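A.B. asks: In terms of UniProt numbering, the sequence shown opens at residue 1 and continues consecutively.
Every residue gets a Cβ at the ideal spot worked out from N, C-alpha and C, and that includes glycine.
Computed from a predicted model, the values in this text were never measured in an experiment.
This is the structure I want to talk about, given as structure tokens.
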Amino acid sequence: MRPSSILSKIHIKTPKPELQLFQFPKLSEISYKDLPNNGFGINNYFIPKTKFNHWPVYIKIQNTKITTEIKRIQGDLLKLREDLLNFNPNYKLTINSTAGIVNIKGNVVEEIKNYLDKNSTSTQ
Numbered sequence: 001m002r003p004s005s006i007l008s009k010i011h012i013k014t015p016k017p018e019l020q021l022f023q024f025p026k027l028s029e030i031s032y033k034d035l036p037n038n039g040f041g042i043n044n045y046f047i048p049k050t051k052f053n054h055w056p057v058y059i060k061i062q063n064t065k066i067t068t069e070i071k072r073i074q075g076d077l078l079k080l081r082e083d084l085l086n087f088n089p090n091y092k093l094t095i096n097s098t099a100g101i102v103n104i105k106g107n108v109v110e111e112i113k114n115y116l117d118k119n120s121t122s123t124q
């Protein structure tokens with residue numbers, strides 16, 4: 001017999017290193033300041049610009065109905081609605097919170113873009 005055939009039948013078990021299990025801290029030892037969530041989405045929102053550095057504010061025309069659509073809203077849409085109504089209380093707003101879209105009755109694209117430029121804190 002060849003030695004390789006003998007060695008293939010012998011199984012030597014190597015000792016495995018003992019793993020330390022991660023110990024989670026007790027809930028009574030954790031402060032809310034230690035948690036990674038920064039509270040985004042509660043009373044704040046973010047509207048990212050497009051790759052061409054434009055606001056995602058569009059005019060939407062369906063037959064004779066003209067609306068302004070703000071897309072890509074992340075965070076608290078109700079806070080954005082409140083801010084827009086403080087800016088102009090005559091706006092007729094509808095919110096689609098699942099898609100992150102706000103629709104405003106009428107063509108107010110330039111007003112909304114100017115409002116977002118004025119109140120923007122991003123450096124894009």
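#1: How far does the alpha helix (DSSP H) with Val-108 in it extend, from its first residue to its last?
#2: Buried or exposed, going by whether 16 or more other CB atoms sit within 10 Å of the CB of Pro-36?
#3: Three or more beta-carbon pairs under 8 Å between the segment 9-27 and the segment 50-69, yes or no?
#4: For Asn-107, which residues of its own chain have a beta-carbon under 7 Å away from its beta-carbon, when the five flanking residues on both sides are left out?
#5: Can you find a CB in chain B that lies within less than 7 Å of the CB of Glu-69?
#6: Note down, one range per segment and in chain order, each alpha helix (DSSP H) of at least 4 residues found wholly within the segment 38-105.
#7: Got a sec? Which residues, its chain only, sit under 7 Å from Phe-46 by beta carbon, not counting five neighbours each side?
#8: Can you check which of these residues, Gly-100, Glu-82, Gln-62, is closest to Arg-72 by C-alpha distance?
#9: Does Asn-18 come out as helix, strand or coil in the three-state DSSP assignment?
#10: Taking buried to mean at least 16 other C-beta atoms within 10 Å of its own C-beta, is Leu-84 buried or exposed?
#11: Could you check which residue in Leu-116, Asp-117, Ile-42, Ser-120 has the C-alpha nearest to that of Leu-77?
C.D. replies: Short version:
#1: Val-108 -> no alpha helix (DSSP H), and no H or E assigned at all.
#2: Classification of Pro-36: exposed, given that the 10 Å Cβ count is below 16.
#3: no
#4: Ile-59, Ile-66, Thr-68
#5: No chain B is present in this structure, which holds just one protein chain.
#6: 77-87
#7: Gln-74, Gly-75
#8: Gly-100
#9: Per the sequence shown, residue 18 should be read as Glu rather than Asn. Here Glu-18 sits in coil by DSSP.
#10: buried
#11: Cα-wise, what sits closest to Leu-77 is Ile-42.
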